[in-house]
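Position in the sequence shown counted from 1, then plus 2, gives you the working numbering.
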Amino acid sequence: MFDMLKTLQKYLLKNATIAQHCTGRVRAYHYDETADTTNTYILISPLIAPQPSTYASDTNLSTEYLYQIDVRGSNYDQVKLIQEEIRKTLWEIGFRQQDGIDQYDKDIKIYMDARRYRGNPYTIEHLRHIDKDLIE
């Protein structure tokens, strides 16, 4: 079964800048309170369930995804750099930024740049190409 969430995580960590600053700190759904928050980290949250979107002869060819990707950290410049690298990486695989929010939490002294990305890749096996260059 194809797993877009794991595919996104792999693509993000293929980016040298993201890997340098966030290896071991890219999570999905939830970032544990006991996890390392002293350095910049990434949280990926699916906002909708995968939606079948393109059909041919009653066969689902592609699936629509919507994710929010948060970059959080105490260094403003690093948070912005990583979020820009995420945007470029996702652009290369057909995900486009929809919107986002930029915040600073003064109580815990952390910047958060949260952006939403939508993609509609082919997910049927013989047409799918999004994960073909990812080697485990």
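Where a beta carbon is used, it is the ideal one built from N, C-alpha and C, also for glycine.
Helix, strand or coil for Y31? Go by DSSP, reduced to three states.
Taking the sequence shown and counting its residues from 1, one reaches residue 31 at position 29. Note: Y31 maps to coil in three-state DSSP.
Kindly provide the ranges of any beta strand (DSSP E) runs that are 3 or more residues long and lie completely inside the region 59-101, ordered along the chain.
61-75
Does chain D have any CB closer than 8 Å to the CB of S76?
The structure shown contains no chain D, having only a single protein chain.
Compute the distance between the beta-carbons of R118 and D101, then report whether it is under 8 Å.
In the sequence shown, residue 118 corresponds to position 116, counting from 1. In the sequence shown, residue 101 corresponds to position 99, counting from 1. Yes, Cβ-Cβ distance for R118 and D101 is below 8 Å.
Assign A18 to one of three DSSP states: helix, strand, or coil.
Locating residue 18 in the sequence shown gives position 16, counting from the first residue. It is helical.
Within the continuous beta strand (DSSP E) that includes P123, where are the two ends?
By one-based count along the sequence shown, residue 123 stands at place 121. Here P123 belongs to no beta strand (DSSP E), and DSSP marks it neither H nor E.
Is DSSP giving T9 helix, strand or coil here?
Stepping through the sequence shown from its first residue, residue 9 is reached at position 7. Helix, per DSSP.
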